[in-house]
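Asks: Would you mind keeping the following structure in view while I ask a few things?
Protein chains: 2
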Amino acid sequence: MPLMGSPPGDHTVIDGTRYLYFAGTGYLGLQGHPDVIRAACEAAQRYGISSANSRTAFGNTAAVLEVERRAGALFGGGDAFYFASGYMGPSILLQTLQREFDAVLLDEWSHYCSADAARQTGLPVVAFRHADPDDLHARLTATLEPGQRPLVLTDGVFAARGEIAPLAELWHVLDQYPGAILCVDDAHGLGVLGADGRGTIEHAGLTESLVRGEPADANAPRLFLCGTLSKAVGGYGGILPSSRDFIARVKATAGHYGGATPPPTPVAAATAKALELLQSQPALRTRLRENAMRLKQGLREMGFSTDDTPVPICCLTVGDAANMRRIQQMLMEQGIAIAYMAAYSGLGPEGALRVAVFATHTDEMIRQLLDSLRLLV
Amino acid sequence: MPLMGSPPGDHTVIDGTRYLYFAGTGYLGLQGHPDVIRAACEAAQRYGISSANSRTAFGNTAAVLEVERRAGALFGGGDAFYFASGYMGPSILLQTLQREFDAVLLDEWSHYCSADAARQTGLPVVAFRHADPDDLHARLTATLEPGQRPLVLTDGVFAARGEIAPLAELWHVLDQYPGAILCVDDAHGLGVLGADGRGTIEHAGLTESLVRGEPADANAPRLFLCGTLSKAVGGYGGILPSSRDFIARVKATAGHYGGATPPPTPVAAATAKALELLQSQPALRTRLRENAMRLKQGLREMGFSTDDTPVPICCLTVGDAANMRRIQQMLMEQGIAIAYMAAYSGLGPEGALRVAVFATHTDEMIRQLLDSLRLLV
Numbered sequence: 034m035p036l037m038g039s040p041p042g043d044h045t046v047i048d049g050t051r052y053l054y055f056a057g058t059g060y061l062g063l064q065g066h067p068d069v070i071r072a073a074c075e076a077a078q079r080y081g082i083s084s085a086n087s088r089t090a091f092g093n094t095a096a097v098l099e100v101e102r103r104a105g106a107l108f109g110g111g112d113a114f115y116f117a118s119g120y121m122g123p124s125i126l127l128q129t130l131q132r133e134f135d136a137v138l139l140d141e142w143s144h145y146c147s148a149d150a151a152r153q154t155g156l157p158v159v160a161f162r163h164a165d166p167d168d169l170h171a172r173l174t175a176t177l178e179p180g181q182r183p184l185v186l187t188d189g190v191f192a193a194r195g196e197i198a199p200l201a202e203l204w205h206v207l208d209q210y211p212g213a214i215l216c217v218d219d220a221h222g223l224g225v226l227g228a229d230g231r232g233t234i235e236h237a238g239l240t241e242s243l244v245r246g247e248p249a250d251a252n253a254p255r256l257f258l259c260g261t262l263s264k265a266v267g268g269y270g271g272i273l274p275s276s277r278d279f280i281a282r283v284k285a286t287a288g289h290y291g292g293a294t295p296p297p298t299p300v301a302a303a304t305a306k307a308l309e310l311l312q313s314q315p316a317l318r319t320r321l322r323e324n325a326m327r328l329k330q331g332l333r334e335m336g337f338s339t340d341d342t343p344v345p346i347c348c349l350t351v352g353d354a355a356n357m358r359r360i361q362q363m364l365m366e367q368g369i370a371i372a373y374m375a376a377y378s379g380l381g382p383e384g385a386l387r388v389a390v391f392a393t394h395t396d397e398m399i400r401q402l403l404d405s406l407r408l409l410v
Numbered sequence: 034m035p036l037m038g039s040p041p042g043d044h045t046v047i048d049g050t051r052y053l054y055f056a057g058t059g060y061l062g063l064q065g066h067p068d069v070i071r072a073a074c075e076a077a078q079r080y081g082i083s084s085a086n087s088r089t090a091f092g093n094t095a096a097v098l099e100v101e102r103r104a105g106a107l108f109g110g111g112d113a114f115y116f117a118s119g120y121m122g123p124s125i126l127l128q129t130l131q132r133e134f135d136a137v138l139l140d141e142w143s144h145y146c147s148a149d150a151a152r153q154t155g156l157p158v159v160a161f162r163h164a165d166p167d168d169l170h171a172r173l174t175a176t177l178e179p180g181q182r183p184l185v186l187t188d189g190v191f192a193a194r195g196e197i198a199p200l201a202e203l204w205h206v207l208d209q210y211p212g213a214i215l216c217v218d219d220a221h222g223l224g225v226l227g228a229d230g231r232g233t234i235e236h237a238g239l240t241e242s243l244v245r246g247e248p249a250d251a252n253a254p255r256l257f258l259c260g261t262l263s264k265a266v267g268g269y270g271g272i273l274p275s276s277r278d279f280i281a282r283v284k285a286t287a288g289h290y291g292g293a294t295p296p297p298t299p300v301a302a303a304t305a306k307a308l309e310l311l312q313s314q315p316a317l318r319t320r321l322r323e324n325a326m327r328l329k330q331g332l333r334e335m336g337f338s339t340d341d342t343p344v345p346i347c348c349l350t351v352g353d354a355a356n357m358r359r360i361q362q363m364l365m366e367q368g369i370a371i372a373y374m375a376a377y378s379g380l381g382p383e384g385a386l387r388v389a390v391f392a393t394h395t396d397e398m399i400r401q402l403l404d405s406l407r408l409l410v
């Protein structure tokens, strides 16, 4: 079981050795940013580890409110609910919406936390073929009685394979169902996609529908989003940005507001600072996109059929599991860390190699990875 | 919305003013302990905010493993799984056990997170009367077909009212059902009850059944526990201690291990240090118990019918909601903070005043609260 000995970054210490690192989800390299670390320390010294109280009593801290204010502002002036872990996001969302849908349609490759949340509703849960609006349409037709309202739940960017969900197309399918809801868990898209880093919904041109919280006209679907601040953002915890009215409903409905200690204060302070950096340094996102393109271009030249989206994740299948373990191991011996994932939502039984590129990788670092990989596949 | 301006402790800064503080869940006063804060800062500087990776790849940190080792050791040498929030505990437990029970029997006043977890199973969920083994027995008889296996889910200590669940009696009822399971969410008991701070199961004399993971004989019920490290322990996050075999199953089954970033490194380091203090300073727990007795004795002399358990929570109902808000407000004006809870699992429609006492409160502080309260009720 390898142990991390430094913040995740372009170089990362694993089991005491410094590796050129292309794994995990620290896409913008902010987890180890000096300002972020300083914010965590200062908050620990001033406020201790947590408020140890519910937010309906004396649990609020300035840092938690600051994360919510910044996340609301990122999406154009709404509000947000900040909670302990991104894993809880779909569950909080579906609990709040519970009486407003009759069945859950789930992309078959959705993350574990979405499958958990769907089951929790007690309503019919129907999987549709991965990223397939036509199959969604067919399942809706087969599943719903007239007048029933579907809730579609999908990842924005899929964690293992890095694909972008066809949100605009899914949204369009839902157009035909009055009262329909589209929920997106954008753990890997938030802070990465879109000119302003709003993620997959910005990439799909749907930001405005999100902030409004209610459809522009009575027949358009409603759109809801949850995500994490632990990946590209560089902090930690889950976030649910929406309209002010909807966030008030979330807080009144989900036990996570009144029945839990809010995120630990040092982490909330670090996360607020990371959100500030995310918004004030758009060049990080530009550089991340360029690096994603550079990596994917190099992999294509090597014969891999990678997509050309700005997502900084490449998923490679090279022979069987044993062969991929060998490649991963040999790269480690050359001082380069990528992940072999034996199992994950969306992967076949042989698993896959997963390469993640960061904003802080230089051209030379990417070339070094490509050169080493070329000799092994 | 009041804002915390200091760690929670016997005195706590709220909205810029320092109050004598009897609220929340920082029962041992460790959230602001200098060693705990130092551990958080040092880890932030060395490791950044989080590993930003799954534990099945490069997500492990020494701090997270140390929390698990210490929590396992606290329960006598088993293992533990440490995750982002105590709220997730019952859900992780029930997911892992999913194929091993046919119905969930839930104490009607269980915390929101247990109700969420029960619903997620998709199996029948039957509420039994609060802390009532006879009613549990009646519901089991009415609900189960021959051969069906019940899972009983209850808080160990109830958050708002501070009552201790009658675990030994519930356990005894389950004796008659082969394959039965008792699951306890001990958020408020862990670190408080029992000579070693193992919580409600130690208080009930059931520790050994927990560590074994499997029943002593085939007909005895199995016992599982989850809890939080955010309250008495003084850190943050959820914990599930059990046998080594069962923890291996949890990690293989629940998406929370392979599909989530582990708890943030500074928080994990702080939590490991807090667990060390909890175990090395049993005097804290003794003092907490004495303070609970002192507070309850004083309230009884005032005419309140409080129990005489060592739980550091007193729940007072004094007239209607408006009257209790008045009392809470007038205490604040005198520099003393207690909580008025308008709504919580286990409370009536009028809500209640909740007084929490800490290990760090002096006799004089408790006397001051009692003297002020006496003039207001």
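Protein sequence lines correspond, in order, to chains B and S.
FYI, in my numbering the residues of the first sequence are 34 to 410.
FYI, in my numbering the residues of the second sequence are 34 to 410.
Where is the CB? At the ideal position from N, CA and C, for every residue including glycine.
#1: Nearest to tyrosine 80 of chain B by CA position, among S:Leu317, S:Gly49 and S:Val100, is which residue?
#2: Is serine 275 of chain S helix, strand or coil when you go by DSSP?
#3: Along chain S, which residues have their Cβ under 7 Å away from the Cβ of isoleucine 82 of chain B?
#4: Which partner residues does alanine 115 of chain B have in the DSSP bridge list?
#5: What does the Cβ neighbour count give for threonine 89 of chain B, buried or exposed, with the cut at 16 atoms within 10 Å?
#6: When DSSP labels each residue in this structure, what does alanine 293 of chain S get in the three-state scheme?
#7: With the cut-off set at 9 Å, would you say glycine 227 of chain S and glycine 260 of chain S are in Cβ contact?
#8: Below 9 Å between beta carbons: does that hold for glycine 381 of chain B and glycine 271 of chain B?
#9: Taking the alpha helix (DSSP H) that proline 254 of chain S falls in, what are its first and last residues?
#10: Measure the C-alpha to C-alpha separation of alanine 77 of chain S and threonine 294 of chain S and round it to an integer number of angstroms.
#11: Taking leucine 36 of chain B as part of the beta strand (DSSP E), name the residues at either end of that continuous run.
#12: Under a Cβ-count criterion, where at least 16 other Cβ atoms within 10 Å of its own Cβ denotes burial, should threonine 188 of chain S be classed as buried or exposed?
#13: Opposite cysteine 216 of chain B in the DSSP bridges: which residues?
#14: Output yes or no for whether 9 Å exceeds the beta carbon distance between tyrosine 269 of chain B and serine 83 of chain S.
#15: Kindly indicate if chain S contains any beta-carbon less than 9 Å away from that of lysine 329 of chain B.
#16: Please list the terminal residues of the continuous beta strand (DSSP E) segment that includes histidine 44 of chain B.
#17: Look at the Cβ atom of glycine 59 of chain B, then the Cβ atom of proline 41 of chain B, and state whether they are nearer than 9 Å.
#18: Residues of chain B with CB closer than 9 Å to the CB of alanine 372 of chain S, please, in chain order.
#19: Run through the DSSP bridge pairs and tell me what isoleucine 197 of chain S is partnered with.
#20: Where methionine 335 of chain S and arginine 407 of chain S are concerned, what is the direct C-alpha to C-alpha distance, given to the nearest angstrom?
#21: Which stretch, first to last residue, makes up the beta strand (DSSP E) that contains leucine 53 of chain S?
#22: Please decide whether tyrosine 115 of chain B counts as near chain S, where near means a Cβ-Cβ distance under 9 Å.
#23: Starting from the Cα of threonine 393 of chain S, find the closest Cα among S:Gly62, S:Gly38 and S:Tyr54 and give me that residue.
#24: Whose Cβ in chain B lies nearer than 8 Å to the Cβ of aspartate 149 of chain S?
#25: Report the residue from B:Ser276, B:Pro299, B:Ala150 and B:Gly65 whose alpha carbon sits nearest the alpha carbon of aspartate 218 of chain B.
#26: For histidine 144 of chain S and chain B, any beta-carbon pair shorter than 9 Å?
#27: CB-CB under 7 Å to glutamine 7 of chain S, same chain, minus the five flanking residues each way: which ones, in chain order?
#28: Could you check what DSSP says for aspartate 140 of chain S in three-state terms: helix, strand or coil?
#29: Would you mind reading off the limits of the alpha helix (DSSP H) that contains isoleucine 82 of chain S?
#30: Starting from leucine 36 of chain B, find everything on chain S with Cβ-Cβ shorter than 9 Å and list it in chain order.
#31: Please list the terminal residues of the continuous alpha helix (DSSP H) segment that includes alanine 389 of chain S.
#32: Taking 9 Å as the CB-CB limit, is methionine 121 of chain B close to chain S?
#33: Distance check for phenylalanine 257 of chain B and arginine 282 of chain B, CA to CA, integer angstroms please.
#34: Could you pull the DSSP bridge partners for alanine 160 of chain B from this structure?
#35: Pull up the distance between the alpha-carbon of arginine 152 of chain B and that of leucine 409 of chain S, whole angstroms please.
Replies: Reading off the structure:
#1: S:Gly49
#2: strand
#3: Gln64, Val69, Ala73, Gly267, Gly268, Tyr269, Val300 and Ala303
#4: It is worth fixing the name first, because residue 115 of chain B is tyrosine in this sequence and not alanine. Looking at the DSSP assignment, tyrosine 115 of chain B forms a beta bridge with B:Ile272.
#5: buried
#6: coil
#7: no
#8: no
#9: Unbroken run through proline 254 of chain S: none, as it is neither H nor E.
#10: 16 Å
#11: That residue, leucine 36 of chain B, is in no beta strand (DSSP E); it is neither H nor E in DSSP.
#12: Reading the sequence as shown, one finds aspartate at residue 188 of chain S and not threonine. So aspartate 188 of chain S ends up on the buried side.
#13: B:Leu186 and B:Phe257
#14: yes
#15: no
#16: 44-47
#17: yes
#18: Asn86, Ser87, Thr89, Ala90 and Phe91
#19: S:Val190
#20: 7 Å
#21: 50-54
#22: no
#23: S:Gly62
#24: Ser124, Gln128, Gln153 and Gly288
#25: B:Ala150
#26: yes
#27: The structure shown does not extend to residue 7 of chain S, since chain S spans only 34 to 410, so no value can be given for it.
#28: strand
#29: Isoleucine 82 of chain S -> no alpha helix (DSSP H), and no H or E assigned at all.
#30: Phe91, Asn93, Thr94, Ala95 and Leu98
#31: Unbroken run through alanine 389 of chain S is the beta strand (DSSP E), 385-389; no alpha helix (DSSP H).
#32: yes
#33: 13 Å
#34: B:Leu139
#35: 48 Å
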